[in-house]
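Below is one structure, written out as structure tokens; the observations come after it.
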Amino acid sequence: MIRKGTRRKVMPALALALFTATSLSAQTKLSSKWEELTAPDFRQGIQQAKGTCLLPFGILEKHGPHLPLGTDLLNVRYASLQAASQEYAVVFPEYYFGQIFEAKHEPGTVAYSMELQLRLLQETTDEMARNGCKKLIIVNGHGGNEHLLPFFAQAQLDKPHDYVVYVLDGGRSRPGGPAKKSTAVDYHAGENETSNTIVSRPDLVHLDRAKNESGSDMKRQSLPENLYTGIWWYARFPNHYSGDGSLATKELGEWNMKSWIDSIVECIRSVKADDASLKIQNDFFEKSKHPLDTRP
Ligand SMILES: [Zn+2]
């Protein structure tokens with residue numbers, strides 16, 4: 035029960051100070067998260083971001099026996115939000131509607147059809163742009179999107195758009211930093227990715243289970259390197275585990291995450307300063323209406 039009489043005596047000065055501090059910090063520091071902004075604050079956020087928005091792109095798929103299904107989503111959002119707190123950008127809510135057919139045999143995978151992936155991504159970027167995100171950086175957190183996202187960005191030239199899509203892929207482990215212990219490949223849920231998750235969500239990493247399955251390369255195909263087939267991943271890593279997560283350390287995770295965050299910050303700054311891309315796109319769209327008039 036609140037004793038009104040005694041509270042009233044102490045409240046005014048303290049409450050005023052707290053209220054002023056809260057409202058001032060709310061004015062000066064806007065949340066980067068789209069879903070946390072009020073409508074008027076969203077307008078201000080888009081202005082502050084100079085129309086630059088991030089779409090962190092994750093996935094739901096098995097990550098060895100020891101990491102959560104949402105590892106890519108959790109890590110890409112962690113890096114993107116940290117970056118946006120250093121260089122302001124509006125960050126779109128959880129997005130995990132990407133390419134993951136190769137994990138359909140594992141529990142917990144959500145694999146939308148190819149048509150829906152492209153349509154949903156197009157409608158999402160269209161809606162973001164309609165709301166002022168004229169410079170839109172897709173921050174990829176999932177290896178299986180490596181072909182989808184450049185294709186999507188390229189396909190933006192099909193029809194005129196009043197916004198530019200930028201794709202930032204990978205780059206999570208730069209050279210240098212703590213010495214790595216892995217002697218074999220480390221693509222998925224191994225030393226690197228497990229280390230990163232120790233930083234983003236240590237409560238969800240079960241390091242003691244990392245050796246319950248093998249993450250070694252089964253090398254079940256023998257084909258030239260430049261010959262692509264969709265089954266290559268399953269042929270090599272049928273357990274959806276590549277590397278050895280038990281070798282993970284917080285130090286390596288901090289190094290990787292810092293590199294990743296720095297590269298996102300660098301991209302936000304470059305994109306904010308980029309006055310060329312949209313003009314060149316508009317020029318291209320105009321000329322593509324009447325190609326026979328185009329002269330060298
Ligand atoms: Zn992953």
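Mapped onto our numbering, the consecutive letters of the sequence shown carry residue numbers 35 to 330.
C-beta: ideal position from N, C-alpha, C; glycine also.
Since we're looking at a predicted model, the values are computed, not measured.
Exercise for review: Following the continuous alpha helix (DSSP H) through L115, name the residue where it begins and the one where it ends.
Suggested key: Position 81 of the sequence shown, counting from 1, holds the residue named residue 115. Membership of L115 in the alpha helix (DSSP H) is indicated by the continuous run 105–120.
Review point. Does the beta-carbon of K96 have 16 or more other beta-carbons within 10 angstroms, so that it is buried, or is it exposed?
Key: Mapped onto the sequence shown, residue 96 falls at position 62. With 16 or more other Cβ atoms within 10 Å, it is buried.
**Study point:** Cβ pair count under 8 Å reaching 3, the region 161–176 against the region 121–135
**Key:** Judged by Cβ distances under 8 Å, the region 161–176 makes contact with the region 121–135, as three or more pairs qualify.
**Study point:** I36 - DSSP class collapsed to helix/strand/coil
**Key:** Stepping through the sequence shown from its first residue, residue 36 is reached at position 2. Because I36 carries a pLDDT of 39, less than 50, the predicted location of this residue cannot be relied on, and the following value inherits that uncertainty. DSSP places I36 in coil when its eight states are reduced to three.
Review point. Does at least one heavy atom of ligand 1 sit under 7 Å from the Cβ of H97?
Key: On the sequence shown, residue 97 is found 63 positions in, with the first residue counted as 1. Because some heavy atom of ligand 1 lies under 7 Å away, the Cβ of H97 counts as near it: yes.
**Study point:** Counterpart residues of H97 in DSSP-defined beta bridges
**Key:** Taking the sequence shown and counting its residues from 1, the one referred to as residue 97 is at position 63. Its beta-bridge partners are P99, L101.
**Study point:** Contacts around Y268, its chain only, beta-carbon distance under 7 Å, and the 5 residues preceding and following it disregarded
**Key:** Locating residue 268 in the sequence shown gives position 234, counting from the first residue. Take Y268, set aside five residues on each side of it, and the residues of its chain with a beta-carbon closer than 7 Å to its own are E136, in chain order.
Check your understanding: Mind checking whether the beta-carbon of D106 lies closer than 7 Å to any heavy atom of ligand 1?
Key -> The sequence position of residue 106 within the sequence shown is 72, counting from 1. With a cutoff of 7 Å, D106 counts as near ligand 1, since its C-beta is closer than that to a heavy atom of the ligand.
Point to revise | Contact under 8 Å by Cβ, L94 with L101 | key: As a first step, residue 94 must be located in the sequence shown, where it is residue number 60. As a first step, residue 101 must be located in the sequence shown, where it is residue number 67. Cβ distance not < 8 Å, so L94 and L101 don't count as in contact.
Check your understanding: Among S147, G92, K168, N226, which residue has its Cα nearest to the Cα of G211?
Key -> Against the sequence shown, residue 211 aligns to sequence position 177. When the alpha-carbon of G211 is set against those of S147, G92, K168, N226, the nearest one is in N226.
Practice item. Express the C-alpha separation of E247 and D296 in angstroms, rounding to a whole number. Key: If you number the sequence shown from 1, residue 296 lands on position 262. If you number the sequence shown from 1, residue 247 lands on position 213. Rounded to the nearest angstrom, the two C-alpha atoms are 33 Å apart.
Check your understanding: Would the beta-carbon of I302 fall within 8 Å of that of A123?
Key -> Locating residue 302 in the sequence shown gives position 268, counting from the first residue. Locating residue 123 in the sequence shown gives position 89, counting from the first residue. Yes, they are a contact pair.
**Study point:** Exposed unless 16 or more other CB atoms sit within 10 angstroms - verdict on K253
**Key:** Stepping through the sequence shown from its first residue, residue 253 is reached at position 219. Counting Cβ neighbours within 10 Å, K253 comes out exposed, since fewer than 16 surround it.
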